[in-house]
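Reading through the C-alpha coordinates given below for one structure.
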Amino acid sequence: MNRIVKYGLISISILIIGLFVIYGIFISTFDLFGEPEKEILKTDCDYEGLRQATTFEYGGNAVTIPAIIVSIDLGCSDNPDDTKKKIVFSAEHTGGTTVETKWKSFDTLVVTYSDKLEPITQINKLTYSDSTLNVTIEYEEE
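FYI, numbering that gives the first Met the number 0 numbers position 15 of the sequence shown as 14, with every residue one higher than the one before it.
Next up, the structure:
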(Lines of atoms letter the chains of each structure in order from A; the text may use other names.)
(Lines give C-alpha, C1' and ligand atoms only; values in the text may rest on other atoms or scores of the structure.)
Protein backbone atom coordinates (compact mmCIF):
# COMPACT_ATOMS: atom_id res chain seq x y z
CA MET A 0 0.00 0.00 0.00
CA ASN A 1 2.83 2.40 0.83
CA ARG A 2 4.37 1.72 -2.55
CA ILE A 3 1.16 2.78 -4.37
CA VAL A 4 0.92 6.04 -2.41
CA LYS A 5 4.61 6.76 -2.96
CA TYR A 6 4.40 6.23 -6.73
CA GLY A 7 1.14 8.17 -6.87
CA LEU A 8 2.71 11.22 -5.15
CA ILE A 9 5.77 11.07 -7.39
CA SER A 10 3.56 10.89 -10.50
CA ILE A 11 1.41 13.83 -9.38
CA SER A 12 4.56 15.90 -8.55
CA ILE A 13 6.04 15.21 -11.99
CA LEU A 14 2.72 16.13 -13.62
CA ILE A 15 2.48 19.43 -11.70
CA ILE A 16 6.10 20.38 -12.51
CA GLY A 17 5.50 19.53 -16.17
CA LEU A 18 2.38 21.72 -16.25
CA PHE A 19 4.33 24.67 -14.76
CA VAL A 20 7.07 24.23 -17.37
CA ILE A 21 4.56 24.08 -20.23
CA TYR A 22 2.71 27.15 -18.87
CA GLY A 23 6.01 29.08 -18.61
CA ILE A 24 6.95 28.24 -22.19
CA PHE A 25 3.48 29.22 -23.44
CA ILE A 26 3.49 32.60 -21.66
CA SER A 27 7.04 33.47 -22.77
CA THR A 28 6.25 32.81 -26.45
CA PHE A 29 2.74 34.31 -26.52
CA ASP A 30 2.92 37.73 -28.25
CA LEU A 31 -0.55 39.25 -28.25
CA PHE A 32 0.56 42.56 -26.74
CA GLY A 33 4.08 42.68 -28.17
CA GLU A 34 5.69 45.95 -29.20
CA PRO A 35 4.61 47.00 -32.69
CA GLU A 36 7.20 47.06 -35.46
CA LYS A 37 8.97 50.38 -35.94
CA GLU A 38 10.41 51.60 -39.21
CA ILE A 39 12.43 54.81 -39.62
CA LEU A 40 11.14 56.55 -42.73
CA LYS A 41 13.36 59.63 -42.72
CA THR A 42 15.91 61.46 -40.59
CA ASP A 43 16.64 65.13 -41.12
CA CYS A 44 19.36 67.03 -39.23
CA ASP A 45 19.36 70.79 -38.71
CA TYR A 46 22.07 72.96 -40.28
CA GLU A 47 24.43 72.74 -37.29
CA GLY A 48 23.90 69.03 -36.52
CA LEU A 49 22.52 69.82 -33.04
CA ARG A 50 19.01 68.43 -33.50
CA GLN A 51 17.47 65.72 -35.61
CA ALA A 52 13.89 65.26 -36.79
CA THR A 53 12.98 61.61 -37.31
CA THR A 54 9.84 60.27 -38.98
CA PHE A 55 8.75 56.82 -37.77
CA GLU A 56 6.04 54.43 -38.86
CA TYR A 57 4.70 52.09 -36.19
CA GLY A 58 2.64 49.06 -37.08
CA GLY A 59 -0.36 48.23 -34.93
CA ASN A 60 -1.07 45.24 -32.75
CA ALA A 61 -4.07 44.00 -30.76
CA VAL A 62 -4.30 47.17 -28.65
CA THR A 63 -2.57 49.91 -30.66
CA ILE A 64 -3.33 51.61 -33.94
CA PRO A 65 -0.78 52.00 -36.73
CA ALA A 66 0.77 55.44 -36.36
CA ILE A 67 3.14 57.82 -38.08
CA ILE A 68 5.24 59.89 -35.68
CA VAL A 69 7.70 62.79 -35.95
CA SER A 70 10.13 63.22 -33.08
CA ILE A 71 13.02 65.53 -32.31
CA ASP A 72 16.10 64.53 -30.40
CA LEU A 73 19.43 66.15 -29.67
CA GLY A 74 22.40 65.14 -31.77
CA CYS A 75 22.50 63.76 -35.26
CA SER A 76 23.02 60.01 -35.70
CA ASP A 77 21.85 57.11 -37.83
CA ASN A 78 20.37 55.34 -34.78
CA PRO A 79 18.41 57.88 -32.72
CA ASP A 80 18.16 57.16 -28.99
CA ASP A 81 14.54 56.27 -28.14
CA THR A 82 14.82 57.56 -24.56
CA LYS A 83 15.73 61.13 -25.56
CA LYS A 84 13.09 61.62 -28.25
CA LYS A 85 10.40 64.24 -27.88
CA ILE A 86 7.34 63.49 -30.00
CA VAL A 87 6.00 66.61 -31.74
CA PHE A 88 3.55 65.09 -34.24
CA SER A 89 1.57 61.86 -34.39
CA ALA A 90 -1.36 60.64 -36.45
CA GLU A 91 -3.11 57.40 -37.23
CA HIS A 92 -1.41 55.96 -40.28
CA THR A 93 -3.61 55.01 -43.17
CA GLY A 94 -2.23 53.71 -46.45
CA GLY A 95 -0.84 56.21 -48.94
CA THR A 96 -0.43 59.08 -46.49
CA THR A 97 2.81 60.99 -46.13
CA VAL A 98 4.58 63.21 -43.63
CA GLU A 99 7.61 65.28 -44.65
CA THR A 100 9.96 67.28 -42.43
CA LYS A 101 12.28 70.09 -43.41
CA TRP A 102 14.34 72.53 -41.38
CA LYS A 103 13.23 76.02 -42.46
CA SER A 104 15.85 77.80 -40.38
CA PHE A 105 18.17 77.04 -37.48
CA ASP A 106 15.33 76.80 -34.97
CA THR A 107 12.23 76.15 -37.12
CA LEU A 108 11.03 72.78 -38.37
CA VAL A 109 8.25 72.53 -40.96
CA VAL A 110 6.11 69.37 -40.85
CA THR A 111 4.02 68.85 -43.98
CA TYR A 112 1.39 66.14 -43.77
CA SER A 113 -1.33 64.72 -46.01
CA ASP A 114 -4.84 66.10 -45.61
CA LYS A 115 -6.06 62.51 -45.12
CA LEU A 116 -4.28 62.34 -41.75
CA GLU A 117 -6.02 63.46 -38.59
CA PRO A 118 -3.30 64.56 -36.15
CA ILE A 119 -3.41 63.15 -32.63
CA THR A 120 -0.48 65.20 -31.29
CA GLN A 121 0.77 68.57 -32.54
CA ILE A 122 3.28 70.46 -30.41
CA ASN A 123 4.22 73.94 -31.62
CA LYS A 124 7.29 74.61 -29.47
CA LEU A 125 9.93 72.50 -27.75
CA THR A 126 11.95 74.03 -24.96
CA TYR A 127 15.20 72.71 -23.59
CA SER A 128 17.26 73.72 -20.57
CA ASP A 129 19.69 75.37 -23.00
CA SER A 130 17.51 78.02 -24.68
CA THR A 131 19.68 77.99 -27.84
CA LEU A 132 18.28 74.51 -28.61
CA ASN A 133 14.59 75.51 -28.51
CA VAL A 134 12.62 74.50 -31.62
CA THR A 135 9.51 76.04 -33.19
CA ILE A 136 7.40 73.67 -35.26
CA GLU A 137 5.17 74.84 -38.10
CA TYR A 138 2.54 72.55 -39.62
CA GLU A 139 1.35 72.58 -43.22
CA GLU A 140 -1.45 70.43 -44.60
CA GLU A 141 -1.15 69.46 -48.25
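Every residue, glycine too, gets a C-beta built ideally from N, C-alpha and C. Because the structure is a prediction, the values reported are computed rather than measured.
- The residue among K84, Y127, I122, E137 with its C-alpha nearest the C-alpha of K103 is E137.
- The segment 51–68 makes contact with the segment 88–101, as at least three CB pairs between them are under 8 Å.
- Selection L108, F25, D114 evaluated against L125 yields L108 as nearest (Cα-Cα).
- Distance check between F105 and each of I3, S27, E47 places E47 closest, using alpha-carbon atoms only.
- Contact between V69 and V98 holds, since their C-beta atoms are separated by about 6 Å, short of 8 Å.
- Secondary structure at F29: coil, using DSSP grouped into helix, strand and coil.
- Ranked by Cα distance from L40, the options I3, N123, I67 are led by I67.
- Scanning its chain for C-beta atoms nearer than 7 Å, with the 5 sequence neighbours on each side dropped, one finds around Q121 the residues F88, Y138, in chain order.
- For C44, the uninterrupted beta strand (DSSP E) run begins and ends at 37–44, by DSSP.
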